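Numbering (the numbering used here), first residue to last: 15 to 238. Note that beta-carbon positions come from the ideal geometry of N, C-alpha and C, so glycine has one too. All of these numbers come straight from a predicted model, not from anything done at the bench. Inspection log for the structure reproduced underneath, given as structure tokens.
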Amino acid sequence: MRRWKILGVALCALPGSIIGQNNCVGDVNDDLTVNLQDILLLLTYYGDSCTAPPLNGAMIQISEIHYNPNSEQGNDSDWEFLELYNFEDHPVSLADWSLEVGVTRTFTEEDSIPAFGHFVVARNVDSLLTVLPAHAHYCQWNSGQSLNNNGETIELRRSDGSLADYVMYEDDDGWVTDPDGMGPSLEWMDLGLPNEEASSWSASLILGGTPGEANSMWGLSEAE
């Protein structure tokens, strides 16, 4: 294997590593010469951390949880739901993805989530259809199951079984309490926040939440 040393760092001629579009190894800026400009470009990224993409290339996360609706809205059995959000700029098939631990559902080939869009998983689809937007994508989780009003873990797994996302929500211990029977859903506050942390979730500004639509809190969580 051929190797070069630039500033004491060994660079290997491997497929896809520091190869310009002209197929010249080390010519990062594609000017057909490996020179100081290429070194400076590489140093621009020195110290950056790299995050591996999801195994199937799709990033989907849990964005809303309505675990204990208020009696003003109706029974839990009619109005409980989860919502997923797709970060990708293209639709993603959910075939063989699954929800596990809290409530369960193995998605089918008919289930897909639009680009930068939402997918609702409901306890009772018939009831939720009365408030879902016309363009909503949705399905129903397995019959007889419900979200725990005291909190639990919800896992979303990819078709290969790897963990795509999880949320361990609670009705206390740092989590907002209004979603526990007072009317609002539990909403992820914004797309850039780590949704596994309690501080990243808040009560919806709307009774019953925003199933199938952008969360009411999005855009309101800018750093002070």
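Continuous alpha helix (DSSP H) stretch holding residue i: start and end
i    : result
D90  : 90-93
D140 : 139-142
Simplified DSSP assignment, three categories, for residue i
i    : result
D45  : coil
Q87  : coil
S254 : Absent from the structure is residue 254, since the part of the chain shown begins at 15 and ends at 238.
L56  : helix
L98  : strand
L50  : helix
Cβ neighbours of residue i in the same chain (closer than 6 angstroms, five flanking residues each side left out)
i    : result
G166 : The identity of residue 166 in the sequence shown is Glu, whereas the question assumes Gly. For E166, where only same-chain residues beyond five positions count, the Cβ hits under 6 angstroms are G116.
D92  : N138, S141
Closest by C-alpha distance to residue i, when choosing among the options
i    : options                : result
A178 : E184, E210, G222, W202 : E210
A212 : Y60, Y180, N138        : Y180
H104 : S112, M73, R119        : M73
R171 : L56, D110, A228        : D110
L113 : D185, E169, G40, D174  : E169
D192 : Y183, D174, W202, S216 : S216
V82  : D125, L207, G223       : The question names Val, but residue 82 in the sequence shown is Asn. Cα-wise, what sits closest to N82 is G223.
N162 : S176, A148, E184, S214 : E184
N164 : N156, G88, A228, D186  : D186
Q239 : F101, L54, Y60, D125   : In the structure as shown, the chain starts at 15 and stops at 238, and residue 239 therefore has no counterpart that could be examined.
D90  : G188, A228, G158, L57  : G158
H132 : T120, L98, I53, L200   : L98
N100 : H149, A148, S77        : S77
Other residues of its chain near residue i: CB distance less than 7 angstroms, five sequence neighbours each side excluded
i   : result
F95 : H80, V134, V135, A136, R137, L142, P225
Residue range of the unbroken beta strand (DSSP E) whose run includes residue i
i    : result
Q154 : 152-154
V135 : 132-136
Y183 : 177-184
E227 : Unbroken run through E227: none, as it is neither H nor E.
P198 : 198-202
V115 : 112-115
Q75  : 74-80
L170 : 165-171
Contacts around residue i, its chain only, beta-carbon distance under 8 angstroms, and the 5 residues preceding and following it disregarded
i    : result
L219 : P198, S230, M231
W189 : G165, Y183, L200, A212, W215
Q. Is there contact here, the stretch 182-198 with the stretch 139-153, by at least three beta-carbon pairs under 8 angstroms?
A. no
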